[in-house]
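Q: Please find one structure pasted underneath; my questions will follow.
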Amino acid sequence: MFAANLIGYLMGFLFTIFITRRLSEEEFGIWALVGSYITYSLMPFDLVGSWISRDAARGKKILSSAAALFALLTPISLIIYFSMALGSASVINYDPWTMALGVMILIPYILLNLGTAIQSGYAPQNLGVARIFFEISKVIIAFYLVVILRMGLIGAFVSLSIAYLIQATLLLQKSTQLFQNRVSRRLVTKWLKGAPINIIQIADRILNVTDIILMSVITGQAIIAGYWQAAVTASALVASSSILMSGLGPRLISGGTQKDLDKVFDFTMTFTIPMLFGFMVLSRDILWILRPTYSSGWVAACFLALAGVVGTVGNFGTVSVLGMDKFDQKDELSIREYLTSKIFTLNKLNLAVTALYIASISIYLLIFGRACIVKLVTEIAGVNLLFAIIRAIMNLKLMRRFTELKLNLENIPHYLIASTIMAVAVYACRASFPPLSGSVFKVAPLILALVALGAVVYGVTLYALSQNFRTFVREIRYYLYSLR
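The sequence shown begins at 1491 in the numbering used here and counts up one residue at a time.
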């Protein structure tokens, strides 16, 4: 799964280069806004998706019932999308028909949500394989439509739509073993009854993508969304480092201990800290590759990357509480049991923090919305970092309160020292080169060489400092030998 996510980031970044180099800042902002509207539109399916996954994990024949429920919810999803897209088009003074065409991405995404809900419970390993097919096909199609045919924003919509359809088809084809010729009313009713339990968690997720919408609506322009999305994309690998801890939750649910938490935390920090330091050195260059004008937003990208790392640390508290709470061991869940659970307390407080973040940037934009775009994006990213720190502290306090688990920081100094030495070496090497210019293909080898230099310096330094890392390297070596 980690390999799939790494490939996904690299291919996704390549796809974004195609898009940002061919779209104006305003068009890229529209692209980002359409993605946010789609997230809102998928809310009805997200409310029931986890319950479908649970029944798929038990091997129940649910495909026809889940497909019927998704078909019933699709009109609601379309209404949400068109209401938001057409409503915002008038506010930011953009062509409403172009905004409406984004629905071509939503429809295959609904099918993808269905396949993902089933496969995440039935055979999670298929998700990684399907994502690799999605990322590769997305890049190939976008290269043809956006780069060669120069179809612009419409070409980007078509590329993503076809790639999502390919990914959804693969997942649904793998789900045919769970098909039966009738729809179970009992299952559909059970899933709908379980939807209210997910409201707070889904609302938190939805609010987290509201910031980019507010930026455009309050300022009345889509360009700011383009600059924000560029910063988000550049920092994505660092900000999404929580994928390194993806196996911790299931392990704790199945009886994991402090030893499992220590192992996953060390593994995650081994890679997350140097990625953050390296990104801070190369952030301006990475944004330049997307589009030279976006390089002015490098401070915002650094804030978002740091917020992502802080969020990853806080997620250890979240996962610990989720993994150790036993309220959902029964097949049939009641809302009353959920409302008294530790998970509800966690979700409720996280939603409150997110709501405060959204309220804060709304007030900020209403007061300072006429400032220059880079200033707005940078300061909103700073607010994002502040609330990431608040959320992390809260989640770690909840972990200490509700569980006996705690984070072991013993090896963190080694990672910090090795990362600092790496950052100094990369910065010194980068400073010897002139400012970037020319084509992306001419610049990319330089950035890749600096990344490789950083990896070597960090690895050698950490190997000398940390016994834990030397043990980790030996384990990898033994594993590779065993494959021969």
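Cβ coordinates follow ideal geometry from the N, Cα and C atoms, glycine included.
With DSSP collapsed to three states, give me the class of Asn-1874.
A: Translated into positions along the sequence shown, residue 1874 becomes position 384. Of the three classes helix, strand and coil, the one that applies to Asn-1874 here is helix, per DSSP.
Q: Using the Cβ count rule (16 or more neighbours within 10 Å means buried), how would you classify Asp-1585?
A: Here residue 1585 corresponds to residue number 95 of the sequence shown, with the count starting at 1. Exposed, since its Cβ has fewer than 16 Cβ neighbours within 10 Å.
Q: Mind checking which residues open and close the alpha helix (DSSP H) that includes Arg-1903?
A: Position 413 of the sequence shown holds residue 1903. With the sequence shown as reference, residue 1903 is identified as Pro, and Arg is not the correct amino acid for it. It spans 1902-1921 - the alpha helix (DSSP H) in which Pro-1903 sits, taken as one unbroken run.
Q: Suppose you measure from the CA of Gly-1611 to the CA of Ile-1542; what does that come to, to the nearest Å?
A: The residue labelled residue 1611 in the question sits at position 121 within the sequence shown. The residue labelled residue 1542 in the question sits at position 52 within the sequence shown. The alpha-carbon atoms of Gly-1611 and Ile-1542 are separated by roughly 8 Å.
Q: Determine the contact status of Ser-1665 and Gln-1609, defining contact as a CB-CB distance below 8 Å.
A: Start at 1 with the first residue of the sequence shown, and residue 1665 comes out as number 175. Start at 1 with the first residue of the sequence shown, and residue 1609 comes out as number 119. Yes, Cβ-Cβ distance for Ser-1665 and Gln-1609 is below 8 Å.
Q: Grouping DSSP H, G and I as helix and E and B as strand, with all else coil, what is Gln-1615?
A: Numbered from 1 along the sequence shown, position 125 holds the residue referred to as residue 1615. Residue state, collapsed to three classes: helix.
Q: Rank Ile-1833, Val-1803, Ile-1702 and Met-1589 by C-alpha distance to the C-alpha of Ile-1644 and give the top, closest one.
A: By 1-based counting over the sequence shown, the position of residue 1644 is 154. Looking at the Cα atoms, Met-1589 is the closest of the given residues.
Q: What's the C-alpha gap between Ala-1720 and Phe-1535?
A: Here residue 1720 refers to the residue found at position 230 of the sequence shown. Here residue 1535 refers to the residue found at position 45 of the sequence shown. Whole-angstrom Cα-Cα distance: 28 Å.
Q: Pick from Arg-1676, Arg-1621, Leu-1846 and Val-1673: whose alpha carbon is nearest that of Leu-1650?
A: Start at 1 with the first residue of the sequence shown, and residue 1650 comes out as number 160. When each option's Cα is compared against that of Leu-1650, the closest is Arg-1621.
Q: May I ask you to report which of helix, strand or coil DSSP gives Gln-1748?
A: Position 258 of the sequence shown, counted from the start, is the residue given in the question as residue 1748. Gln-1748 falls in the helix class under three-state DSSP.
Q: In terms of residue numbering, what span does the alpha helix (DSSP H) encompassing Pro-1935 cover?
A: Counted from its first residue, the sequence shown places residue 1935 at position 445. Taken as a continuous stretch (DSSP letters only), the alpha helix (DSSP H) holding Pro-1935 covers 1930-1955.
Q: Output yes or no for whether 8 Å exceeds the beta carbon distance between Leu-1734 and Phe-1761.
A: Here residue 1734 corresponds to residue number 244 of the sequence shown, with the count starting at 1. Here residue 1761 corresponds to residue number 271 of the sequence shown, with the count starting at 1. The answer is yes: Cβ separation under 8 Å.
Q: According to the Cβ coordinates, are Ile-1582 and Met-1759 closer than 8 Å?
A: Within the sequence shown, the letter at position 92 stands for residue 1582. Within the sequence shown, the letter at position 269 stands for residue 1759. No, Cβ-Cβ distance for Ile-1582 and Met-1759 is not below 8 Å.
Q: Answer yes or no: do Gly-1577 and Phe-1647 have a C-beta to C-beta separation smaller than 8 Å?
A: Residue numbering aside, residue 1577 sits at position 87 when the sequence shown is read from its first letter. Residue numbering aside, residue 1647 sits at position 157 when the sequence shown is read from its first letter. Not closer than 8 Å, so no.
Q: Report the rounded CA-to-CA distance for Val-1873 versus Leu-1886, giving the unit in angstroms.
A: Residue mapping note: residue 1873 aligns to position 383 of the sequence shown, counting from 1. Residue mapping note: residue 1886 aligns to position 396 of the sequence shown, counting from 1. Rounded to the nearest angstrom, the two C-alpha atoms are 20 Å apart.
Q: Let me confirm a value: Arg-1774 is counted as buried when at least 16 other C-beta atoms fall within 10 Å, else exposed. Which label applies?
A: The residue you call residue 1774 lines up with position 284 of the sequence shown. Buried: at least 16 other Cβ atoms inside 10 Å.
Q: With DSSP run on the structure shown, which of helix, strand or coil describes Phe-1669?
A: Here residue 1669 corresponds to residue number 179 of the sequence shown, with the count starting at 1. It is coil, neither helix nor strand.
Q: Using only the alpha-carbon positions, how far apart do Phe-1755 and Gln-1663 sit?
A: For the purposes of this step, residue 1755 is identified with residue 265 of the sequence shown, where counting begins at 1. For the purposes of this step, residue 1663 is identified with residue 173 of the sequence shown, where counting begins at 1. In a straight line, the C-alpha of Phe-1755 is about 36 Å away from that of Gln-1663.
Q: Among the candidates Ala-1726, Leu-1682, Ala-1915 and Leu-1841, whose CA atom is the shortest distance from the CA of Met-1501?
A: As a working note, residue 1501 is residue 11 in the sequence shown. Out of Ala-1726, Leu-1682, Ala-1915 and Leu-1841, Ala-1726 has the C-alpha closest to the C-alpha of Met-1501.
Q: What are the start and end residues of the alpha helix (DSSP H) that includes Ile-1528?
A: Here the question's residue 1528 lines up with position 38 in the sequence shown. Element bounds for Ile-1528: 1515-1531.
Q: Please report the residue range of the alpha helix (DSSP H) in which Ser-1573 lies.
A: In the sequence shown, counting from the first residue as 1, residue 1573 sits at position 83. It spans 1553-1582 - the alpha helix (DSSP H) in which Ser-1573 sits, taken as one unbroken run.
Q: Roughly how many angstroms lie between the CA atoms of Ala-1861 and Ile-1714, to the nearest whole one?
A: The count along the sequence shown starts at 1 and reaches residue 1861 at position 371. The count along the sequence shown starts at 1 and reaches residue 1714 at position 224. Going by the C-alpha atoms only, they are around 11 Å apart.
Q: Can you look up Met-1641 in the DSSP assignment and give me helix, strand or coil?
A: Numbered from 1 along the sequence shown, position 151 holds the residue referred to as residue 1641. DSSP places Met-1641 in coil when its eight states are reduced to three.
Q: Could you give the DSSP three-state label for Asn-1837: helix, strand or coil?
A: Translated into the one-based positions of the sequence shown, residue 1837 becomes position 347. It is helical.
Q: Distance check for Asp-1701 and Lys-1865, CA to CA, integer angstroms please.
A: Locating residue 1865 in the sequence shown gives position 375, counting from the first residue. Locating residue 1701 in the sequence shown gives position 211, counting from the first residue. For Lys-1865 and Asp-1701, the distance between alpha carbons rounds to 16 Å.
Q: Give the straight-line distance between the Cα atoms of Tyr-1968 and Ile-1880, rounded to the nearest whole angstrom.
A: As a first step, residue 1968 must be located in the sequence shown, where it is residue number 478. As a first step, residue 1880 must be located in the sequence shown, where it is residue number 390. Tyr-1968 and Ile-1880: Cα-Cα distance of roughly 41 Å.
Q: Just how far apart, CA to CA, sit Leu-1952 and Ile-1911?
A: Taking the sequence shown and counting its residues from 1, the one referred to as residue 1952 is at position 462. Taking the sequence shown and counting its residues from 1, the one referred to as residue 1911 is at position 421. Rounded to the nearest angstrom, the two C-alpha atoms are 10 Å apart.
Q: With a cut-off of 8 Å on the beta carbons, I'd call Phe-1633 and Ile-1656 a contact; round off their distance for me.
A: Numbered from its first residue, the sequence shown carries residue 1633 at position 143. Numbered from its first residue, the sequence shown carries residue 1656 at position 166. Incorrect: roughly 15 Å between the Cβ atoms, too far for contact.
Q: Using only alpha-carbon positions, find the residue among Val-1916, Asn-1840 and Ser-1554 that is nearest to Asn-1671.
A: Against the sequence shown, residue 1671 aligns to sequence position 181. Nearest C-alpha to Asn-1671: Ser-1554.
Q: Does DSSP put Lys-1832 in a helix, in a strand, or in coil?
A: Residue numbering aside, residue 1832 sits at position 342 when the sequence shown is read from its first letter. Of the three classes helix, strand and coil, the one that applies to Lys-1832 here is helix, per DSSP.
Q: Compute the Euclidean distance between the alpha carbons of Met-1884 and Ile-1763, then round it to the nearest angstrom.
A: One-based indexing of the sequence shown puts residue 1884 at position 394. One-based indexing of the sequence shown puts residue 1763 at position 273. Computed Cα separation, rounded: 21 Å.
Q: Answer yes or no: do Leu-1742 and Ser-1810 have a C-beta to C-beta separation smaller than 8 Å?
A: Translated into the one-based positions of the sequence shown, residue 1742 becomes position 252. Translated into the one-based positions of the sequence shown, residue 1810 becomes position 320. In contact: Leu-1742 and Ser-1810 (Cβ atoms closer than 8 Å).
Q: How many Å lie between Arg-1781 and Val-1946 at the Cα?
A: Along the sequence shown, one-based indexing puts residue 1781 at 291. Along the sequence shown, one-based indexing puts residue 1946 at 456. Their backbone Cα atoms lie some 28 Å apart in a straight line.
Q: Closest to Ile-1708 by CA distance: which of Ala-1849, Ser-1540 and Arg-1920 is it?
A: Taking the sequence shown and counting its residues from 1, one reaches residue 1708 at position 218. Per the Cα distances, Ala-1849.
Q: Please classify Asp-1585: does DSSP put it in a helix, a strand, or coil?
A: In the sequence shown, the residue the question calls residue 1585 occupies position 95. Three-state result, Asp-1585: coil.
Q: Kindly indicate which residue of Val-1799, Gly-1746, Ser-1744 and Ile-1776 has the alpha-carbon position closest to the one of Leu-1766.
A: In the sequence shown, counting from the first residue as 1, residue 1766 sits at position 276. Of the candidates Val-1799, Gly-1746, Ser-1744 and Ile-1776, the one whose C-alpha sits nearest the C-alpha of Leu-1766 is Val-1799.
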